[in-house]
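In our numbering, the protein residues as written are 544 to 953.
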């Protein structure tokens, strides 16, 4: 363990997780980034997330850093014994499997609390207990039923957000719940069960639109057809077909904008003196601005906005962020070695503590990479471990770096 580990907030906290995909792994990643020892218990064949293709190919390497991997057959009596010994040493247990799975394994909160009364047990589900809890949920499912897809797409074309927003935020709220329960444990001396859910997370994301309706009596329009609160707040296509987002959100900014681009006539136009007047004039004002800006390059426009303190943004693809100068200069991207041996960079948590980004201490692990270390810490001898391997109770360390991430249709 590196020296820096001991200075992190959750140093000394042990987390055992039975998780896959995004939601549960996000919770463990956050606690691991904050200094906890996070042990990822995987089946002998490994977490299936390791083998996902397409849009799932980034899940495992992103959300499983700062974790140790233990490969064990939890259905084997000797494997179950290992798991129960491990959980007896844990501060937090985290899972995100389908309802009933943990109960069948005897790893539900009711079963584990007597073994370890101080245990904080975090469940990540599709729905909190209630009429919907029997349903199978996915991020896209709850975006559709929770109003987010309706708000994201144009009228009649519901569209999911371009990221696993509910899975990631659901894991974040699971971590917040774990932190709250650990703080309460300091006062009460006992653990408790924490639940986080995709649907309820999605409702939280659209709550501002729910409250807009409560306040105004008018339903919120989908974002592409909403009435903007600001006169200039849109994407502009400019020279050579490049696109740039421009915002002018106050009367002061409007004057700066007109001066910077030589639009003296617009600055003194009585129809658009105030922001609200510009909102009402968007139907003719935006086409006029698009025409005037069409011959200018995106870089030139961006530089002018930046020099005048006006809000703007290039339209960036995710892969471009790997070389973003701000992220590189501020330590927002950390070097990482993937389980297959390749090296790249990965985004760190978007916060600092005492001016420092939270470090990547452990690369996303190869399957079973820490099995021997963890079994040794539980009192198993070298001969015991060899016997467990021979019996197929625990998995071997992946012999080649490429084994763990080999694409598979299984």
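Heads up, the beta-carbon is just placed ideally off N, CA and C, and yes, glycines get one too.
Would the beta-carbon of residue 736 fall within 8 Å of that of residue 664?
Here the question's residue 736 lines up with position 193 in the chain shown. Here the question's residue 664 lines up with position 121 in the chain shown. Going by C-beta atoms, residue 736 is nearer than 8 Å to residue 664.
Residue 499, enclosing alpha helix (DSSP H) - first and last residue
Nothing can be reported for residue 499: it is not among the residues displayed for the chain, which extend from 544 to 953.
To the nearest angstrom, report how far apart residue 545 and residue 634 are at their CA atoms.
If you number the chain shown from 1, residue 545 lands on position 2. If you number the chain shown from 1, residue 634 lands on position 91. Any answer about residue 545 is weak, because its pLDDT of 46 lies below 50 and its placement is not dependable; what the coordinates show is given next. Distance between the alpha carbons of residue 545 and residue 634 is about 21 Å.
Which residue comes first and which comes last in the beta strand (DSSP E) that contains residue 581?
In the chain shown, counting from the first residue as 1, residue 581 sits at position 38. That run of the beta strand (DSSP E) goes 580-585.
Starting from residue 777, follow its DSSP beta bridges and name the residues at the other end.
Counting from 1 along the chain shown, the entry for residue 777 is found at position 234. BP columns for residue 777 point to 789.
Using only alpha-carbon positions, find the residue among 585, 774, 867 that is nearest to residue 819.
Counting from 1 along the chain shown, the entry for residue 819 is found at position 276. Ranked by how close their Cα comes to the Cα of residue 819, the residues 585, 774, 867 have 774 in first place.
In chain order, what are the residue ranges of uninterrupted alpha helix (DSSP H) at least 4 long that sit wholly in the stretch 800-839?
Within the stretch 800-839, the runs of alpha helix (DSSP H) that reach at least 4 residues and sit entirely inside it are, in chain order, 807-810, 818-823, 825-836.
Contacts around residue 553, its chain only, beta-carbon distance under 7 Å, and the 5 residues preceding and following it disregarded
Taking the first residue of the chain shown as position 1, residue 553 is located at position 10. Excluding positions up to five away in sequence, the list reads 574, 577, 578, 579.
Contact check, residue 613 vs residue 914, beta carbons under 8 Å
In the chain shown, counting from the first residue as 1, residue 613 sits at position 70. In the chain shown, counting from the first residue as 1, residue 914 sits at position 371. It is a contact, given that the beta carbons lie within the stated cut-off.
Is the beta carbon of residue 648 closer than 8 Å to that of residue 631?
Position 88 of the chain shown, counted from the start, is the residue given in the question as residue 631. Position 105 of the chain shown, counted from the start, is the residue given in the question as residue 648. The answer is no: Cβ separation not under 8 Å.
Residue 727, DSSP secondary structure in three states:
Mapped onto the chain shown, residue 727 falls at position 184. Residue state, collapsed to three classes: helix.
Taking the continuous alpha helix (DSSP H) assigned at residue 920, which residues delimit it?
If you number the chain shown from 1, residue 920 lands on position 377. Note, residue 920: alpha helix (DSSP H), 914-920.
How far does the beta strand (DSSP E) with residue 707 in it reach, from first residue to last?
Counting from 1 along the chain shown, the entry for residue 707 is found at position 164. Run containing residue 707: none; DSSP gives neither H nor E here.
Mind checking which residues open and close the beta strand (DSSP E) that includes residue 738?
Residue 738 sits at position 195 when you count from the first residue of the chain shown. Per DSSP, residue 738 belongs to the beta strand (DSSP E) from 736-740.
Which of the three DSSP states is assigned to residue 924 in this structure?
As a first step, residue 924 is located in the chain shown; it is residue number 381 there, counting from the start. In the structure shown, residue 924 sits in coil (DSSP, three-state: anything other than H, G, I, E or B).
Three-way DSSP call (helix, strand, coil) for residue 860 in this model:
Against the chain shown, residue 860 aligns to sequence position 317. Three-state DSSP puts residue 860 in coil, outside helix and strand.
When you compare only the Cα positions, how much space is there between residue 907 and residue 567?
The residue you call residue 907 lines up with position 364 of the chain shown. The residue you call residue 567 lines up with position 24 of the chain shown. Taking the straight line from one Cα to the other gives about 15 Å.
Roughly how many angstroms separate the alpha carbons of residue 572 and residue 912, rounded to a whole number?
Taking the first residue of the chain shown as 1, we reach residue 572 at position 29. Taking the first residue of the chain shown as 1, we reach residue 912 at position 369. Roughly 17 Å between the two C-alpha positions.
Residues bridged to residue 638 [DSSP beta-bridge criterion]:
Here the question's residue 638 lines up with position 95 in the chain shown. According to DSSP, residue 638 bridges with 561, 666.
For the structure I just gave you, are there three or more beta carbon pairs, one from the stretch 827-837 and one from the stretch 763-773, closer than 8 Å?
Not touching, per the Cβ criterion.
Ordered along the chain, which non-local residues of its own chain (more than five positions away) have a Cβ less than 6 Å from that of residue 703?
One-based indexing of the chain shown puts residue 703 at position 160. Excluding positions up to five away in sequence, the list reads 683, 686, 692.
C-alpha distance - residue 931 paired with residue 937, whole-angstrom precision:
On the chain shown, position 388 is the one that residue 931 refers to. On the chain shown, position 394 is the one that residue 937 refers to. Approximately 6 Å between the Cα atoms of the pair.
Specify the secondary structure class of residue 592 as computed by DSSP and reduced to three states.
The residue labelled residue 592 in the question sits at position 49 within the chain shown. DSSP places residue 592 in helix when its eight states are reduced to three.
Quick one, which of 626, 565, 759 has its alpha-carbon nearest residue 709's?
Sequence index remark: in the chain shown, residue 709 carries index 166 (1-based). Shortest Cα-Cα distance from residue 709 to any of 626, 565, 759 involves 565.
Pull up the distance between the alpha-carbon of residue 823 and that of residue 772, whole angstroms please.
Walking along the chain shown from the start, residue 823 turns up at place 280. Walking along the chain shown from the start, residue 772 turns up at place 229. The straight-line gap from Cα to Cα measures roughly 10 Å.
Smallest Cα separation from residue 679: which of 734, 668, 611?
Walking along the chain shown from the start, residue 679 turns up at place 136. Taking only the C-alpha atoms, the option nearest residue 679 is 668.
Applying the criterion that 16 or more other CB atoms from any shown protein chain within 10 Å of the CB defines a buried residue, is residue 551 buried or exposed?
Against the chain shown, residue 551 aligns to sequence position 8. Flag for residue 551 reads buried.
Just the Cα atoms here: how many angstroms apart are residue 758 and residue 695?
Taking the first residue of the chain shown as 1, we reach residue 758 at position 215. Taking the first residue of the chain shown as 1, we reach residue 695 at position 152. Answer to the nearest angstrom: the Cα atoms are 21 Å apart.
Residue closest to residue 917, alpha-carbon to alpha-carbon, out of 598, 618, 629:
Numbered from 1 along the chain shown, position 374 holds the residue referred to as residue 917. Residue 917 has its Cα closest to that of 629, out of 598, 618, 629.
Can you tell me whether residue 610 is buried or exposed, with buried defined as 16 or more other CB within 10 angstroms of its CB?
Here residue 610 corresponds to residue number 67 of the chain shown, with the count starting at 1. With at least 16 other beta carbons inside 10 angstroms of its own, residue 610 counts as buried.
Taking Cβ positions, are residue 789 and residue 779 nearer each other than 8 Å?
Residue 789 sits at position 246 when you count from the first residue of the chain shown. Residue 779 sits at position 236 when you count from the first residue of the chain shown. Against a cut-off of 8 Å, the Cβ pair of residue 779 and residue 789 comes out as a contact.
Do residue 615 and residue 581 have their CB atoms nearer than 8 Å?
Walking along the chain shown from the start, residue 615 turns up at place 72. Walking along the chain shown from the start, residue 581 turns up at place 38. Remark: C-beta atoms of residue 615 and residue 581 do not approach each other more closely than 8 Å.
Meets three-Cβ-pair contact criterion under 8 Å: the stretch 589-607 and the stretch 740-760:
Fewer than three beta-carbon pairs drawn from the stretch 589-607 and the stretch 740-760 are found closer than 8 Å, and the two stretches are therefore not classed as touching.
Can residue 840 and residue 746 be called in contact, C-beta distance under 8 Å?
The residue you call residue 840 lines up with position 297 of the chain shown. The residue you call residue 746 lines up with position 203 of the chain shown. No.
When the Cα atoms are used, what is the spatial distance from residue 920 to residue 625?
Against the chain shown, residue 920 aligns to sequence position 377. Against the chain shown, residue 625 aligns to sequence position 82. About 11 Å.
Under a Cβ-count criterion, where at least 16 other Cβ atoms within 10 Å of its own Cβ denotes burial, should residue 878 be classed as buried or exposed?
The sequence position of residue 878 within the chain shown is 335, counting from 1. Residue 878 is exposed by the Cβ-count criterion.
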